[in-house]
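Remarks on the structure that follows.
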Amino acid sequence: MYSDKVMDHFANPRNVGVLADADGVGQVGNPVCGDMMTFYIKVENDRLSDVKFQTFGCGAAIAVSSMVSEMAKGRTLAEAMAITNDLVAEELGGLPKNKMHCSNLGADALHEAIKNFQDKRAGRAPDAKPAADQHEHEGESCACPYCDASLEKEDKTFCRACRVEFEECLACGGITKRGDEKCIHCGKPLGKAA
Amino acid sequence: MKSVYLDHIAATPLLTEVLEAMRPFLGEAYGNPQSLHAAGRRAQEAVEEAREDLAALVGAQAAEIYFTASGTEANNFAVKGLALGQQARGRHIVVSAIEHSSILNSVKALEKHGFTATLVPVDGSGRVDPADVEKALTKETVLVSVMTANSEVGTIEPIADIAAVCRARNVLFHTDAVAAAGSVALEVKALGVDALSLAGDQFYGPKGGAALFVRKGVRILPLIDGGIQEGGRRGGTENVPAIIGLGRAARLAARDMEARRAALVPLRDRLFDDLPRLIERVLVTGSRTDRLPHHASFCIEFVEGEAMLLSLDMKGVAASSGSACTSKALKASHVLLAMGLDHATAQGSLVFSLIDGTTREDIDHLLEVFPPIVDRLRRMSPLYTEFLKERGS
């Protein structure tokens, strides 16, 4: 189910670890979704001189984090901000559709770390958003959580393949069958914010 | 590389003796059991012999056995067929919170047609309290379904007690025994159940061979309308090879059940004794005493199940997990959540289920390769880093 490249990055992840003196730290995901990623960056002359990460999650989540760290290391901040989750998946030789949704958050975590660095440099209070709020789901890379069919941006309300109607969870942004009591991603009651 | 298969709950190997019994019916014995001629009669006789073998495994009469294509179909047949058969008396169903999706989703389907349902909770070991079942019964209740054993946590439910509660209130009782049949002794009369599902691929038979026992005299409506096969209650030409395989597997299970249990329990118990000793922060899930003999299940804290399964697979070990990431719907196990575990812990779910032929060396291999896997994954887990920080090490 995973490409050789994914398996390689899962088995031999690059840049695992914690930077105690990081210039920026970014975190996305939550255990409810299954995946959590923390990225640490060191910045010199607007370049990422070091990138490290820690990930709790499935094989895809670990491989994604590893790939992001490799793609980002040595790049300028602007270049790193241009890395998207889709580019990461592409570099990995693709990800299973259902993993695009929850596990492919590495670029987001990296961007959070860069924003954290920029906030600190500008003397702004670091963004204190709870991790769950950062679990953004991009419409175009979304798959039906029930049958895996990929969903177009416009039909985030309905899966044409398995004919399930969705409702977006206000707490985590994930989609669950309309009428269900609880979000299948974060377990919060539907129709209520966190 | 050494290959160690510890995923009984997904599928058991097909015994050679079962395959040999099936072989003629995949080849020269191709007759349709409904045909009048010699070829048909040969198939029919073999199917009826299989029905008797299967009935004997659970202490039923042959006429009370309906062959199906899967445990899922047997469960659908039971829930929908029994509920619809009784709906003149009421339209309320009671099931446990940890049932297989084939039960829970059958109930959901009935809810769309005007039935209501109550989910009975479980305790921390995954056990259903018969008193909770009794409390859930209403005047409208026509069916209760509680599984015999749960495949994710191995817990065996107090089926006889729940059946007694139902009988006293004149409510039909079905049990999904797919995970248990063939591995633990089940006798439908002593248990007092009205219907029971089982599947051969859980006791060394072929996939595609499963059945529903329905006590004589209980009204059940067919799910598949068709001809006169299975007493008109399940249309469609019989899957003869699978049925023959199921029957032979049942005969062997009845003969070898005790020997299998005696061989597997000590090996299984080594996992319970040694894993928590070799790895810190390991929870045993499910009951230690009322438990499937081949089943050991855990939650390994701070790591995620799929990552462990992939790593184990690289070392030749096949196991299962109930983590959200291993499920297509990326949904945490409803069983572990119902038992009160939090999401992060449930993500570390891992099930080792032994098969006939699992050896000491197999368990040695697992105990050797598994701790370094957990260690590697923990070292990249932010949750573990947090834990170490809090502990101050």
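Protein chains in written order, with our numbering: chain A, 1 to 194; chain B, 1001 to 1393. Even for Gly, the Cβ is constructed at its ideal location relative to N, Cα and C.
Q) Around the Cβ of B/L1054, are there at least 16 other Cβ atoms within 10 angstroms (buried) or fewer (exposed)? A) A residue is called buried when at least 16 other Cβ atoms come within 10 angstroms of its Cβ; B/L1054 meets this threshold and is buried.
Q) So with Cβ pairs under 8 Å, would you call A/F56 a contact of chain B? A) At a cut-off of 8 Å between C-beta atoms, A/F56 counts as an interface residue with respect to chain B.
**Q.** B/A1083 versus B/E1134: straight-line alpha-carbon distance, rounded
**A.** 18 Å
Q: Examine the Cβ distances between the stretch 1275-1284 of chain B and the stretch 1107-1124 of chain B and report whether three or more of them are shorter than 8 Å.
A: no
(Q) Is the separation between the beta-carbon of B/A1046 and that of B/I1244 shorter than 8 Å? (A) yes
(Q) With H, G and I counted as helix, E and B as strand and the rest as coil, what does DSSP make of A/K120? (A) helix
Q) Thinking C-beta only, is B/E1140 closer than 8 Å to B/R1091? A) yes
**Q.** Neighbourhood of B/S1096 by C-beta, 6 Å cutoff - its chain only, sequence neighbours within 5 removed
**A.** V1120, V1128 and V1146
**Q.** B/I1228, buried or exposed, once every other Cβ within 10 Å from all chains shown has been counted against 16
**A.** exposed
Q: Decide if B/L1036 is buried, meaning its Cβ has at least 16 other Cβ atoms within 10 Å, or exposed.
A: exposed
Q. What are the start and end residues of the beta strand (DSSP E) that includes A/D176?
A. Reading off the sequence shown, one finds Thr at residue 176 of chain A, where the question assumed Asp. Unbroken beta strand (DSSP E) run through A/T176: I175 to K177.
Q. Taking 8 Å as the CB-CB limit, is A/V64 close to chain B?
A. no
Q: Under 7 Å between beta-carbons, which chain A residues line up against B/Q1347? List them in chain order, please.
A: At a C-beta separation below 7 Å, B/Q1347 has these neighbours in chain A: P31 and G34.
Q: Answer yes or no: does any C-beta atom of chain A fall closer than 8 Å to that of B/T1118?
A: no
Q: Taking only runs that begin and end inside the stretch 1105-1160 of chain B, name each unbroken alpha helix (DSSP H) of 4 or more residues, in chain order.
A: Within the stretch 1105-1160 of chain B, complete alpha helix (DSSP H) segments of at least 4 residues are found at 1130-1136, given in chain order.
Q) If you measure from the beta carbon of B/S1197 to each beta carbon in chain A, is any gap under 8 Å? A) no
Q: Could you tell me which uninterrupted beta strand (DSSP E) segments, each at least 3 residues in length, are contained entirely in the stretch 1336-1383 of chain B, listed from first to last along the chain?
A: 1349-1353
Q. With distances taken from CA atoms, which of B/R1023, B/Q1202, B/T1155 and B/V1004 is nearest B/V1178?
A. Nearest option by C-alpha distance: B/Q1202.
Q.
Let's see if you can read the secondary structure: which residues bound the beta strand (DSSP E) around B/Q1086?
A. No beta strand (DSSP E) holds B/Q1086; the alpha helix (DSSP H) holding it covers G1071 to Q1086.
Q. With distances taken between CB atoms, is the gap from B/R1255 to B/V1303 smaller than 8 Å?
A. The answer is no: Cβ separation not under 8 Å.
Q) Should A/S103 and A/A72 be called a contact, given that it needs their Cβ atoms to be closer than 8 Å? A) no
**Q.** Rounded straight-line distance, which links the Cα of A/Y2 to that of A/N98
**A.** 12 Å
Q: Within its chain, find whatever has a CB closer than 6 Å to the CB of B/G1124; leave out the 5 residues flanking it on each side and keep chain order.
A: M1339 and G1340
**Q.** Top-ranked residue by Cα proximity to B/A1063, from B/V1218, B/L1264 and B/L1267
**A.** Nearest of B/V1218, B/L1264 and B/L1267 to B/A1063, Cα basis: B/V1218.
Q) A/P13 versus chain B: which residues are under 8 Å apart at the beta carbon? A) Neighbours of A/P13 on chain B, chain order: M1380.
Q. Alpha carbon to alpha carbon, what distance is there between B/A1242 and B/L1026?
A. 9 Å
(Q) Less than 8 Å between the beta carbons of B/R1360 and B/L1271, yes or no? (A) With a cutoff of 8 Å on beta-carbon distance, B/R1360 and B/L1271 are scored as not near each other.
**Q.** Residues near A/S80 by beta carbon distance below 7 Å, same chain, minus five either side
**A.** The amino acid occupying residue 80 of chain A in the given sequence is Ala; Ser does not appear at that position. Correct list, in chain order: L48, A72, L110 and I114.
Q) For A/V43, which of A/S66, A/M37, A/T76 and A/L190 has the nearest alpha-carbon? A) A/T76
Q: Using three-state DSSP, classify B/I1065 as helix, strand or coil.
A: Three-state result, B/I1065: strand.
Q | Residues that B/S1323 contacts on chain A, provided the C-beta gap is smaller than 8 Å | A | G34 and C58
Q.
Can you check which of these residues, B/S1381, B/G1247 and B/R1288, is closest to B/A1181 by C-alpha distance?
A. B/G1247
Q | Assigned exposure category for B/G1081 - 16 Cβ within 10 Å defines buried | A | buried
Q) Smallest Cα separation from A/V28: which of A/N85, A/I175 and A/E70? A) Considering only alpha carbons, the answer is A/N85.
Q | Cross-strand partners of A/V51 (DSSP beta bridge) | A | A/I41
Q.
Below 8 Å on C-beta distance, what does B/L1383 contact in chain A?
A. P31, M36 and F56
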